[in-house]
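Trainee: When you line the sequence shown up against the numbering used here, it's residues 278 to 535, in that order.
We treat Cβ as the ideally placed atom computed from N, Cα and C, and that holds for glycine.
Please see the structure below; I have some questions.
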Amino acid sequence: MNLPLPVFLPQVATDPIHQFKIFPLIDWSAGGYNLAFTNSSSWMLVSTVLVLGFLGMAASRGSLIPNRIQSLGEMSYTFISDMVRSTAGEEGLKFFPFVFTLFFFILGANIVGMFPYAFTTTSHIAVTGALAVVVILIVVGYGIYKNGLGFFGLFAPHGVPLPVMFFLVPIEIISFLARPITLGMRLFANMLAGHIMLKLLAIFVVMLAGAGLTAVAWVPYVLLIPITALEFLVAFLQAYVFALLTCVYLKDAIHPHH
Numbered sequence: 278m279n280l281p282l283p284v285f286l287p288q289v290a291t292d293p294i295h296q297f298k299i300f301p302l303i304d305w306s307a308g309g310y311n312l313a314f315t316n317s318s319s320w321m322l323v324s325t326v327l328v329l330g331f332l333g334m335a336a337s338r339g340s341l342i343p344n345r346i347q348s349l350g351e352m353s354y355t356f357i358s359d360m361v362r363s364t365a366g367e368e369g370l371k372f373f374p375f376v377f378t379l380f381f382f383i384l385g386a387n388i389v390g391m392f393p394y395a396f397t398t399t400s401h402i403a404v405t406g407a408l409a410v411v412v413i414l415i416v417v418g419y420g421i422y423k424n425g426l427g428f429f430g431l432f433a434p435h436g437v438p439l440p441v442m443f444f445l446v447p448i449e450i451i452s453f454l455a456r457p458i459t460l461g462m463r464l465f466a467n468m469l470a471g472h473i474m475l476k477l478l479a480i481f482v483v484m485l486a487g488a489g490l491t492a493v494a495w496v497p498y499v500l501l502i503p504i505t506a507l508e509f510l511v512a513f514l515q516a517y518v519f520a521l522l523t524c525v526y527l528k529d530a531i532h533p534h535h
């Protein structure tokens, strides 16, 4: 007996890539440059406002006996500060505001993008790549500011024989230059792949149900539940990994010879 599916849309776009399309909401150009306010920009703004709202509510009372929101805010603060301290040391805490902002910006964008009809800004390499470039510029800038030319000792570890240096230094330079690429690509690829998988399963549900195979359509429908839960976990983990690697790179700027 074919059981009816609980709820599904009668018309669903069958293109899993359509959800990543960027289109202008407000056209604007200056000096020949397209500065349109897009759907990506709007959802970036939405996620930022939600994060600021959450942090504002968490910090508004500051009571001795915290409520749930205040407790969550305090745990978030402790979580990020411990991560920065354990990875980059006490001196790395001067970058705590940057890492904290970076983590919550990515987490907010990832979580907001999980809801129907929302847009996942971190599924675009332009966004994740820009974040990665900002991180690496801060690392290089602070590394040179603090250590001068000694920062470049990062590419020539102490105690390595000179003949080995000829091979090791180019490898270290290439590895360092690849950091912003891998940092941006990791976040972009994970969010893109996860949303495509969810959309494909939803398409299978509708197509199978539309073909009269309602009993079969239950298979992808049930799979959607654990995979959606997994994607929420991935949304958090990717924000955490991005922030953690940022701390690792900042440690190299603070202590290039370690």
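Got a sec? Which residues, its chain only, sit under 7 Å from N424 by beta carbon, not counting five neighbours each side?
Mentor: For the purposes of this step, residue 424 is identified with residue 147 of the sequence shown, where counting begins at 1. The beta carbon of N424 sits closer than 7 Å to the beta carbons of P533 from its chain, once the five residues preceding and following it are set aside; these are given in chain order.
Trainee: Rounded to whole angstroms, how far is the Cβ of T315 from the Cβ of I299, which I believe are closer than 8 Å?
Mentor: For the purposes of this step, residue 315 is taken as residue 38 along the sequence shown, with counting starting at 1. For the purposes of this step, residue 299 is taken as residue 22 along the sequence shown, with counting starting at 1. About 5 Å separates the two Cβ atoms, so the contact holds.
Trainee: CB-CB under 6 Å to V412, same chain, minus the five flanking residues each way: which ones, in chain order?
Mentor: Here the question's residue 412 lines up with position 135 in the sequence shown. So the list reads T523, once near-sequence residues are dropped.
Trainee: Pick out whichever of E449, P440 and V441 has its Cα sitting closest to the Cα of F429.
Mentor: On the sequence shown, residue 429 is found 152 positions in, with the first residue counted as 1. The shortest C-alpha separation from F429 is found at E449.
Trainee: Do L521 and G369 come within 9 Å of each other at the CB atom, strictly closer than that value?
Mentor: Walking along the sequence shown from the start, residue 369 turns up at place 92. Walking along the sequence shown from the start, residue 521 turns up at place 244. Cβ distance not < 9 Å, so G369 and L521 don't count as in contact.
Trainee: If you follow the alpha helix (DSSP H) that L312 is part of, which residue opens it and which one closes it?
Mentor: Translated into positions along the sequence shown, residue 312 becomes position 35. From DSSP, L312 is part of no alpha helix (DSSP H); its letter is neither H nor E.
Trainee: Does the region 395-409 come into contact with the region 337-351, if we say contact requires no fewer than three beta-carbon pairs (one atom in each stretch) closer than 8 Å?
Mentor: no
Trainee: Starting from P301, follow its DSSP beta bridges and name the residues at the other end.
Mentor: Sequence index remark: in the sequence shown, residue 301 carries index 24 (1-based). T315.
Trainee: What separation, rounded to the nearest whole angstrom, lies between the Cα atoms of I504 and A386?
Mentor: The residue labelled residue 504 in the question sits at position 227 within the sequence shown. The residue labelled residue 386 in the question sits at position 109 within the sequence shown. Between the alpha carbons of I504 and A386 lies a distance of about 19 Å.
Trainee: Which class does N387 belong to by DSSP, given the choice of helix, strand or coil?
Mentor: Along the sequence shown, read from residue 1 onward, the residue named residue 387 stands at position 110. Residue state, collapsed to three classes: helix.
Trainee: From V483 to L501, what distance separates their C-alpha atoms?
Mentor: Position 206 of the sequence shown, counted from the first residue, corresponds to residue 483. Position 224 of the sequence shown, counted from the first residue, corresponds to residue 501. Annotation: V483 to L501 spans about 13 Å, alpha carbon to alpha carbon.
Trainee: Which of the three DSSP states, helix, strand or coil, is assigned to D292?
Mentor: Counted from its first residue, the sequence shown places residue 292 at position 15. Correct three-state label for D292: coil.
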